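Reviewing the structure listed below.
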Amino acid sequence: MKSPENLRQRLLRDLKSAHDDLDGLVSRFDLGENGGLKAFLLMHEAALKNIPLTHLGAAAATAVGDLLQRARLDLATLGVRPMVLDRPLNRNLQPLAVDYVIGGSRLGAEVLKRRWQASPTARSGSGTAYMNAPRHLDAWRSFCEDALTLAADTPYADNVVRDAADIFALFMTSAEKAYQETPQHV
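Printed below as a string of structure tokens:
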């Protein structure tokens with residue numbers, strides 16, 4: 002007999018296309034070129050500043066705050082002004098949704114870091130604050146501990162999935178705008 006689906010499984014299933022779409026767009030940013038690195042940092046700064054820190058768990062709040070500060074530092078060093086989104090996310094989010102998206106993003110950060118480290122932008126010192134950020138895996142661990150024990154078919158689970166989808170959409174909007182506004186992004 003198959004065990005009932007848990008919230009982690011549902012998030013992976015329901016948000017696979019959103020995750021794949023965002024990964025596809027972010028992979029277009031050439032972190033070895035200044036334009037690509039700028040677009041990457043602009044995307045993160047714009048999205049992260051629109052994630053309300055209220056009601057988040059300590060690990061996610063720490064990760065979001067740290068990554069936002071690092072993106073801003075690198076953008077300032079590059080002389081790039083942050084973007085303003087036309088439709089920011091102006092509401093509180095389920096903390097588990099933030100843990101899922103932000104914690105999960107940090108799992109893939111090592112791949113991006115290795116690509117960046119082998120590039121001329123890293124050798125020039127561009128992007129060092131953000132790309133050398135800690136992995137912040139506590140948010141992912143927290144998510145896994147909770148989501149594996151939660152049923153996938155509850156109103157709470159529906160809210161977590163909705164909020165995680167909205168966070169993916171926020172990052173997608175930020176990535177698209179950064180891609181369009183940065184002259185050299187590939």
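In our numbering, the protein residues as written are 2 to 187. For glycine and all other residues, C-beta sits at the position ideal for the given N, C-alpha and C. As the structure is a prediction and not an experimental result, all values here were calculated from the model.
Per the coordinates, the alpha-carbon of R71 lies some 42 Å from the alpha-carbon of S4.
In this structure, L94 places its C-beta atom within 8 Å of the C-beta atom of D164. Minimum Cα-Cα distance from P53 among the listed residues E146, N91 and A158 corresponds to N91.
Minimum Cα-Cα distance from H45 among the listed residues R9, S106 and L13 corresponds to S106. Per the C-alpha coordinates, the member of A152, P135 and K178 positioned closest to V65 is P135. In the three-state reduction of the DSSP assignment, A48 falls in the helix class.
When the beta-carbon positions are compared, F144 and D100 come within less than 8 Å of each other. For R29, there is no enclosing alpha helix (DSSP H), as DSSP marks it with neither H nor E.
Counting along the chain, M173 sits inside the alpha helix (DSSP H) bounded by residues P156 to E182. I103 is the residue among D87, I103 and D67 whose C-alpha sits nearest the C-alpha of A166. Under the three-state reduction of DSSP, N35 is assigned to helix. With contacts defined as CB atoms closer than 8 Å, A153 and E6 qualify as a contacting pair.
Under the DSSP assignment, V81 falls outside any alpha helix (DSSP H); it carries neither an H nor an E label. Counting C-beta pairs with one atom in each stretch, the region 68 to 86 and the region 34 to 43 have three or more that are closer than 8 Å, which means they touch.
Assigned with DSSP and collapsed to three states, A123 falls in helix.
Put simply, the backbone Cα of T183 is about 40 Å away from that of L149. Within a 10 Å sphere around the beta-carbon of R11 sit 16 or more other beta-carbons, which makes this residue buried. Distances from the alpha-carbon of A98 to those of S28, D22 and A158 put A158 closest.
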